[in-house]
Amino acid sequence: MRNGVERCWLSRRRSDGMTMAHQYLVTEEIPELAALSKPLPLLRDVDTSYYLRQERHSYILGPYEWQSTAMWLDGIPDDFAGKLWPAELERLEPQILDAGERVPLIAEAGIARVVNGPIPYAPDGNPYLGPERGLRNFFHCNTFSFGIAQGGGAGKAIAEWMLNGRPEFDIWGIDRRRFKEYATTQYTIDRALEVYQNEYAMGFPFEERPAGRPSYMSPLYDKLKAKGAAFGARGGWERPTYFDPKGEVTDHTLSFFRKNGWRKVVAEECHAARNSVALLDLPGFTKIEVAGPGAFAFLDNLICTKLPKVGRLSLSYALLPDGKLLSELTVARLAEDKFYLVGAASSEWHDLDVLEMAMPTDGSVTIKNVTKDYGSLILVGPQAREVLSKVTTTSLENADFPWLSHKLIETSVGKVLALRVNYVGELGWELHAANNQMIALYDQISAAGEKHGIRDMGIYAVDSLRLDKCYRGWKGDLEIGFSPFDASLDRFVDMNKEFVGKAALVEEKKNGSKYRFVPMTLDVDGDADVPFCASIFSGDKRVGIATSGGWSFTLNQSVALGYVFPEFEAAGTKLEVEIFGKRAAVTVGAEPLFDPKNDRLRS
Ligand SMILES: Cc1cc2nc3c(=O)[nH]c(=O)nc-3n(C[C@H](O)[C@H](O)[C@H](O)COP(=O)(O)OP(=O)(O)OC[C@H]3O[C@@H](n4cnc5c(N)ncnc54)[C@H](O)[C@@H]3O)c2cc1C
């Protein structure tokens, strides 16, 4: 248990974990249990928060109580090994009384013993596995809140990572690098206590738990909050989830079904993006500059996609040596020997590792992390050119500024890097501006957009819009279990050049891919969208897995994305997806579901 809020002194890094005192009690022997011919099932009470299970002829009652506190803030005492703390039963009173009411035998039984021991927690309650950011051959395998249950799988995964350079399955959810500097001691304590208190509570889609927030904020945070923004944290960054400018969203009930109170305002945001113009503040993109005389050769080998010419940009993929998807980066070529890489907010430490571990050591390449130096405003919609042209003197006409190109545009707040690309599939620009330019830039765009009915947009709308276009999400849709061909990303692979993972892809081309990535639409809307990792069936045969699901406010349909065996990839194929235990009929679509020729992007 050498974690807690301690230093990993070997690496001189903090391990972002904390320790709580966790207890269970064992009752005296109960004759009724002794008389049973088979053991009782485990019982969990998700409301009062405890588990109850049979231990020989007794019960074990294990609460996740509400008044737990952080222990050992000054470090783990050297003499604690193998010890326990004295019982603290008062804290568990609500759970003990409740269990006694539900299972009267508990109320009658005496307590034989109490176990009160240290239990470690990371901010999300998951352990830390895998490499420490920036260090070679230093692996984490610690902070196990459920180490007895998790030990076998963790041992397998970490052994594979050390021996083979990757675990068999993608384990990003427990990768050490999922948390960055924002996971301070206080953040860790606040989040871990929240997780502990909710250990048995239901986790809902679109649940944005409040503890430990805000960490990183855009310069626009206060302004957008005043305009009715609700926020969610992604990779530590507060991002608007939706805007409620008129105070209409009064029902905040969480649900697995299509009932969220924000659906009306998100529908309006999607409508604005598709029919007029919408503006999104999206702080926290991972932004990395790669430069130097060796930059092209380095990236060309690391990335399987053809690198763009100067002034152009491309969505690009880095692969593992076995040809599976490692990183997704937008690569903008600023000069012959200078590239600007943009990735997901959560990928910062991961992608820095990918680049730094592969870069040449002869000084011919420099890597600069500029994530925190720039914000990004996303302006999208048929009126986006009209609006942006009021803010810049740089020509935005197609001939001068085509799709998948970039420019430093002149604005009254100075030069701003504009990328003609977006994640919603509309005419639009991503504006990467210095933090001190962001407020004025936002104000000017908002003012210019007023007569077009410009709408502030949040990430729930983006998630709906990207489903229409079948845009994949890193570590949701794309992970190390799949190759770019599995993911139907063939057009992003340049088989005419050499790159990491190519040999495996040559083999895959010869033998065929295991999967293909397809969009699907529900034949009947039903009342719930397809959850992450839902199984896809053809008759009784499991033929794939869904990796995204949600409501398209544009198509007015429930959409899912996922991997199916190649024989089921043809548009029109009828399949079924399991949604919360029930089969729903789906039809495979052609990618993309909306604007099939990408005319709107290029308009
Ligand atoms: C009351 C309670 C109930 C629990 N119930 C469950 C459950 O039902 N299921 C489940 O999966 N998990 C449960 N857990 C959690 C589980 O016990 C831990 O996750 C697991 O023990 C962690 O294993 P570990 O080997 O990482 O750490 P530990 O079991 O703490 O082992 C670490 C060992 O390292 C030694 N050590 C520490 N520092 C040093 C050092 N510097 N040098 C040498 N040795 C050192 C310690 O003495 C100790 O022996 C429970 C925990 C508690 C407190």
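Residue numbering for the sequence shown follows this note's numbering, beginning at 121 and increasing consecutively. Quick reminder that beta carbons are idealized off the backbone N, C-alpha and C, glycines included.
How long is the line joining the alpha carbons of leucine 402 and alanine 581, rounded to whole angstroms? Spanning the two alpha carbons is a distance of roughly 13 Å.
So, is valine 706 buried or exposed, given that buried needs 16 or more other C-beta atoms within 10 angstroms? With 16 or more other Cβ atoms within 10 Å, it is buried.
Proximity test, isoleucine 278 beta-carbon vs ligand 1 heavy atom, cut-off 6 Å: Incorrect: isoleucine 278 has no Cβ contact closer than 6 Å to ligand 1.
Near methionine 337, what residues of its chain come up, given a Cβ to Cβ distance below 6 Å and the 5 sequence neighbours on each side ignored? Excluding sequence neighbours, methionine 337 sits near Glu358.
Mind checking which residues open and close the alpha helix (DSSP H) that includes proline 220? Going by the sequence as given, residue 220 is glycine instead of proline. For glycine 220, the enclosing alpha helix (DSSP H) stretches over residues 213-222.
Looking only at its chain, what residues have a beta carbon closer than 6 Å to the beta carbon of glycine 463, apart from the 5 residues adjacent to it on each side? Answer for glycine 463: Thr406, Leu449 and Asp471, listed in chain order.
N-terminal and C-terminal residue of the alpha helix (DSSP H) that phenylalanine 416 is part of: In this chain, the alpha helix (DSSP H) harbouring phenylalanine 416 covers 415-422.
What residues in its chain sit with their C-beta under 7 Å from that of proline 243, if we drop five residues either side in the sequence? Non-local beta-carbon contacts of proline 243 in its own chain, meaning distances under 7 Å to residues more than five positions away in sequence, involve Asp136, Phe299, Ala303, Tyr307, Thr308, Arg311, Ala312 and Gly332 in chain order.
Compute every distance between the C-beta of phenylalanine 637 and the non-hydrogen atoms of ligand 1, then say whether any falls below 6 Å. Phenylalanine 637 Cβ: outside cutoff for every heavy atom of ligand 1.
Just to confirm my understanding: we take threonine 513, look at its own chain, exclude 5 residues before and 5 after, and list those with CB closer than 6 Å. What are they? Cβ neighbours of threonine 513 beyond the five flanking positions: Glu530.
Nearest-angstrom Cα separation, counted from glutamate 711 out to asparagine 284: Cα to Cα, asparagine 284 sits roughly 35 Å from glutamate 711.
Note the first and the last residue of the continuous alpha helix (DSSP H) segment covering glutamine 306. According to the DSSP assignment, glutamine 306 belongs to the alpha helix (DSSP H) that extends over 305-317.
With distances taken Cα to Cα, identify the nearest neighbour of glutamate 627 among Asp645, Ala207, Leu609 and Phe605. Measuring from the Cα of glutamate 627, the nearest candidate turns out to be Phe605.
For histidine 142, verify whether its CB is less than 6 Å away from any heavy atom of ligand 1. Histidine 142: yes, Cβ under 6 Å from ligand 1.
Below 7 Å between beta carbons: does that hold for tyrosine 543 and arginine 586? Yes, the Cβ-Cβ distance between tyrosine 543 and arginine 586 is below 7 Å.
Starting from aspartate 342, follow the alpha helix (DSSP H) in both directions and report where the run begins and ends. Per DSSP, aspartate 342 belongs to the alpha helix (DSSP H) from 341-346.
Look up tyrosine 731 in the DSSP assignment and say whether it is helix, strand or coil. Residue 731 is absent from the model: the chain starts at 121 and stops at 723.
Less than 6 Å separating the Cβ of alanine 269 from some heavy atom of ligand 1? At least one heavy atom of ligand 1 falls within 6 Å of the beta-carbon of alanine 269.
Using the Cα positions of alanine 321 and aspartate 165, report the straight-line distance between them to the nearest angstrom. Approximately 9 Å between the Cα atoms of the pair.
Mapping the DSSP letters down to three states, classify arginine 720 as helix, strand or coil. Helix at arginine 720.
Please determine, among Ile699, Trp671 and Pro716, the residue with the shortest C-alpha to C-alpha distance to alanine 691. Nearest C-alpha to alanine 691 among Ile699, Trp671 and Pro716: Pro716.
Between the alpha carbons of asparagine 246 and tyrosine 316, how many angstroms are there, rounded? Approximately 11 Å between the Cα atoms of the pair.
Do alanine 201 and ligand 1 come close, with the Cβ less than 6 Å from some heavy atom? Annotation for alanine 201 indicates a beta carbon within 6 Å of some heavy atom of ligand 1.
Rounded straight-line distance, which links the Cα of alanine 229 to that of lysine 694: Rounded to the nearest angstrom, the two C-alpha atoms are 57 Å apart.
Kindly give me the distance between the Cβ atoms of aspartate 647 and phenylalanine 324, rounded to whole angstroms, as I take these residues to be in contact under 8 Å. That pair is no contact at about 15 Å.
With DSSP collapsed to three states, give me the class of glutamine 677. Shown here, glutamine 677 sits in a strand according to DSSP, grouped into three states.
Is it buried or exposed for proline 161, if we count other Cβ within 10 angstroms and need 16 for buried? Label assigned to proline 161: exposed.
Assuming glutamate 388 and arginine 575 form a contact by the criterion Cβ under 8 Å, report the distance between their Cβ atoms to the nearest whole angstrom. 7 Å between Cβ atoms; contact.
When you compare only the Cα positions, how much space is there between tryptophan 594 and phenylalanine 700? Here the alpha carbon of tryptophan 594 sits roughly 24 Å from the alpha carbon of phenylalanine 700.
With respect to 6 Å, is the separation between the Cβ of isoleucine 216 and the closest non-hydrogen atom of ligand 1 below this value? No.
C-beta contact flag for glutamate 570 and alanine 393 at 7 Å: No, these two residues do not count as a Cβ contact at 7 Å.
The beta strand (DSSP E) that contains proline 724, what's its start and end? It is not possible to answer for residue 724, since the shown part of the chain is limited to 121 through 723.
Check whether the Cβ of phenylalanine 259 lies closer than 6 Å to any heavy atom of ligand 1, and answer yes or no. No; taking the cut-off as 6 Å, the Cβ of phenylalanine 259 has no heavy atom of ligand 1 nearer than that.
Do serine 672 and leucine 642 count as a contact pair if the criterion is CB distance below 7 Å? No, these two residues do not count as a Cβ contact at 7 Å.
Is leucine 145 helix, strand or coil when you go by DSSP? Here leucine 145 sits in strand by DSSP.
Would the beta-carbon of valine 511 fall within 7 Å of that of glutamine 557? Taking 7 Å as the Cβ cut-off, valine 511 and glutamine 557 do not qualify as a contacting pair.
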